[in-house]
Every structure is written in C-alpha cells, then in structure tokens.
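Enquirer: So the protein lines, in turn, are chains A and B. In terms of this note's numbering, the first sequence opens at residue 1 and continues consecutively. In terms of this note's numbering, the second sequence opens at residue 1001 and continues consecutively.
There are 2 protein chains.
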Amino acid sequence: MKSAVPDRVKGVCSPPAMPMALAKVDQSVEVLKALADPTRLQMVGILKRSAEPVCICDFTAAFDLSQPTISHHMAKLREAGLVDVSKAGIWAYYRLASRLEPKTRALLDVLV
Amino acid sequence: MKSAVPDRVKGVCSPPAMPMALAKVDQSVEVLKALADPTRLQMVGILKRSAEPVCICDFTAAFDLSQPTISHHMAKLREAGLVDVSKAGIWAYYRLASRLEPKTRALLDVLV
DNA sequence: TGGAGAGATCGACGGCTATCGATGGAATGG
DNA sequence: CCATTCCATCGATAGCCGTCGATCTCTCCA
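1) For Ala1106 of chain B, report the span of its beta strand (DSSP E) as first-last.
2) Spell out whether any CB of chain A is found under 8 Å from the CB atom of Ala1106 of chain B.
3) Determine whether the Cβ of Thr60 of chain A lies closer than 8 Å to any Cβ atom of chain B.
4) Name the chain A residues that come within less than 8 Å of Glu1052 of chain B, Cβ to Cβ?
5) How would you write the range of the alpha helix (DSSP H) that Lys87 of chain A sits in, first residue to last?
6) Tell me whether the region 1034 to 1050 of chain B and the region 1086 to 1098 of chain B touch, counting them as touching only if at least three CB pairs, one residue from each stretch, are closer than 8 Å.
7) By alpha-carbon positions, which one of A:Lys87, A:Ala80, A:Val110 ends up nearest to Ala1004 of chain B?
8) Tell me which residues share the same chain as Ala31 of chain A and place their Cβ nearer than 6 Å to its Cβ, disregarding the 5 neighbours each side in the sequence.
9) For Ala1034 of chain B, I'd like the list of residues in its chain whose CB is within less than 8 Å of its CB, leaving aside the five on either flank, ordered along the chain.
10) Exposed or buried, what is Gln67 of chain A when buried is set at 16 or more other beta-carbons lying within 10 Å of its beta-carbon?
11) Strictly below 7 Å CB to CB, what residues from chain A border Tyr1093 of chain B?
12) For a test of the three-state rule: what should DSSP assign to Leu65 of chain A, helix, strand or coil?
13) So is Lys984 of chain B in contact with chain A if we call contact Cβ pairs under 8 Å?
14) Hey, would you say Val118 of chain A sits closer than 8 Å to Leu1107 of chain B, going by beta carbons?
15) Where does the unbroken alpha helix (DSSP H) through Arg1095 of chain B begin, and where does it stop?
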C-alpha cells in the first residue's frame, strides 16, 4: 500500500468540493442543535417510546429542573419541528411529530 | 377509537420511565454537539466522502473563516473522536476516525 | 543558519443559551 | 365569581461558544 497522503507543494491549497447543499446543512444543524442537550434528547427518547401523548407535567416531575426550564426545552423541540403539542383542559400533551423528514426519522431511529 | 390522551387528575404527575442510560445520553450528546455546527458538519461530510486524507489547509481555503477558527473546529471534531490526524512535513492531514462507534457511524451515514 | 510557510494555541470579545424566579393567561371546580 | 392548577412567557444572570488577531512551534529549504 502506498502513502495515504496526496502530493502537495508549498503555498498551493485547493478547496475540496462541498458535498452538501447549504440549505440541507442548515436544516440538519437545526435538528442537531435541538437534540444536542441531555434533557431534550431524553425527552425525545421518552416520546418516541410512548404510545400515548405525554403530559408535560410528567416531564417536570421526571427531571430535576424547574417548570419554566422544562417548558423552554419543549419549546425548542417544537421550534425544530420534532414534537407536536395538543391541549386538553389545563394540560398540554406532547408527542413525536407525525410529519417527520425521513432523514430526521432515521436520525431518531439511530439515536433513541 | 378512544381519546388519545390518558385520563388524569389534578395534582398527580407521574414521571415517565427514562428509556436511556445516563452515560449513553452524555456520549450521544457529545457527538451531537460536535456535529451541530454548519462548518463542522460540512467538514465531516467532506472527510467522509474523501478517499484520501485531506490537508487542513484545503479547509482553510474552502471556508470563509480564519485559520485559527478552522483549526479550532477541527480540534472539536478531534476531541469528539470523530477524526484522526496525521502530520506529514509541515502539513496536517485529517480523515474520518477509523474506530467509530457503530452508533456514530450510523449517525454519519444518515447525516452526510 | 536563518527565513518562510503551516498549523496549533492564547487571550479577548460578542452572542447565544440554559437556568431560575416572577408573572400572566386559560381552564377547572367550588 | 374566586381560588387553584397547569403552562407559557418575561426578565435577569451566568456560563459556554464561535470568531478573530497575535503569537509560538515546527519543518523545510536556500
């Protein structure tokens, strides 16, 4: 086997081709940022495994965080399009979004 | 079909079971945080598609960012265990890490 | 041996974010 | 109509992060 590194001369650097479209990158990054938090990743895991929608008060009971913080994290997941919310009386029920990009769905299948 | 939301009484919230081990969560979050940046995600995409190691000077030429910033991003990927580096003369060549967790490999297959 | 190029590190700065307490709005029940 | 409960939002604060210029180290070559 040969050396793995290609030949090169000083002062000459050629940019590699960008394999991904800019819009796709930003879209992926938005989802990744939403998932790149321990609390939110666990929230998504719980929702993905739950057959029924989960009341957000149960998350408040599950995590050692204040109620506004839990609400804030869930809002992040909502803004990223990962979860849907439905109100029932004084309660708010969250579930995994029904219309997930196939790429996002595959991501969650790997992660949680 | 019945109502989707379970019955509930006021003042009673039961925490749902945590589906993932804490260590697994933190490990995934570390990788997700490394990928949750447009520059780094594109870097990984370029490395994944490249048969040969890529000189970091080519990344500096590709992105509209300063050389320290490119070096900083690559260091983040290194710390997350996503890339390997090999020095050759005055140049530094990066490639996708050979020993990737199966989960991480699957993640990259979905993303890039 | 000294100059030049490549790359990592340092220090600083601005912006984003996770967190909290306090507040406000909506629905429920007395 | 009022108290209670749930939940979202607001305002503030501390810590993290992306970015840069400056600097340092290392290698190569004239």
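No residue lacks a Cβ here, since even glycine has one placed at the ideal position from N, Cα and C.
Expert: In brief:
1) Run containing Ala1106 of chain B: none in the beta strand (DSSP E); it sits in the alpha helix (DSSP H), 1102 to 1111.
2) Interface residue, yes.
3) yes
4) Ala4, Val5, Pro6, listed in chain order.
5) Note, Lys87 of chain A: premise wrong, no alpha helix (DSSP H); beta strand (DSSP E) at 83 to 88.
6) yes
7) Among A:Lys87, A:Ala80, A:Val110, the Cα nearest to that of Ala1004 of chain B belongs to A:Lys87.
8) It is worth fixing the name first, because residue 31 of chain A is Val in this sequence and not Ala. Closer than 6 Å at Cβ, skipping near neighbours: Ala80, Thr104.
9) Arg1040, Lys1076, Leu1077, Glu1079, Ala1080, Leu1082
10) In the assembly as shown, Gln67 of chain A is an exposed residue. Its beta-carbon has fewer than 16 other beta-carbons within 10 Å.
11) Val5
12) coil
13) Residue 984 of chain B lies beyond the range of chain B shown here (1001 to 1112); nothing can be said about it.
14) Missing from the structure shown is residue 118 of chain A; chain A here goes from 1 to 112 and no further.
15) Note, Arg1095 of chain B: premise wrong, no alpha helix (DSSP H); beta strand (DSSP E) at 1091 to 1096.
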